[in-house]
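Peer 1: In the UniProt record's numbering, the protein residues as written are 1 to 94.
Just dropping this structure here.
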């Protein structure tokens, strides 16, 4: 299975990539929202792990654009603590 990680924090992205690779997943990593959206639309991934705070295009923008064309499952990551952010992610299709 192929997984896409869209995460700008290098340590977090590498940690996730290593763990998933060790479990046998093929992993693509994008460091910003624009690159992540491109990879998500051009490739077939079993799941996308998407950070909310990204350069270029934030995670909510990526999710909105992705949902217009695909229904790939998305898990969103955030350092934000507001419940509104969690609700927004779910409403937008995560």
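Cβ coordinates follow ideal geometry from the N, Cα and C atoms, glycine included.
In the DSSP assignment, find the alpha helix (DSSP H) that holds residue 95 and state where it starts and stops.
Peer 2: Not covered by the structure: residue 95. The range shown for the chain is 1 to 94.
Peer 1: In angstroms with no decimal places, state the Cα-to-Cα distance between residue 67 and residue 41.
Peer 2: One C-alpha to the other measures close to 10 Å.
Peer 1: Does DSSP put residue 31 in a helix, in a strand, or in coil?
Peer 2: Three-state DSSP puts residue 31 in coil, outside helix and strand.
Peer 1: Can you give me the C-alpha to C-alpha distance between residue 23 and residue 82, rounded to a whole angstrom?
Peer 2: Cα-Cα distance, rounded: 32 Å.
Peer 1: Closest to residue 26 by C-alpha separation, out of 37, 38, 5, would be which residue?
Peer 2: Closest option to residue 26, Cα to Cα, is 5.
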